[in-house]
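Numbering (my numbering), first residue to last: 397 to 476.
Structure follows, in structure tokens:
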């Protein structure tokens, strides 16, 4: 899947929206938690190459599987 084809003005607005979302309190907490879990897993000798921490299942899953929403109570995009 390639990049979206947006006009320069739309791309600028999308960049601003994405940045606001990425820096929201919820995302900051999840990012910090993921980093903490990754450090602990590496220290414990677990192989987590190519995996992301999934906050719903509480485990490390492949980056591909962690996209699109795995929560059965919401409408996801890829796994449902």
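C-beta: ideal position from N, C-alpha, C; glycine also.
Using a C-beta cut-off of 8 Å, the stretch 433-443 makes no contact with the stretch 413-423, since fewer than three inter-stretch Cβ pairs fall below that distance.
DSSP places residue 410 in the helix class (H, G or I) of the three-state scheme. In the DSSP assignment, residue 425 falls within the unbroken alpha helix (DSSP H) covering 421-439. Annotation: the continuous beta strand (DSSP E) that includes residue 447 extends over 447-450. Rounded to whole angstroms, the gap between the alpha carbons of residue 427 and residue 406 is 27 Å.
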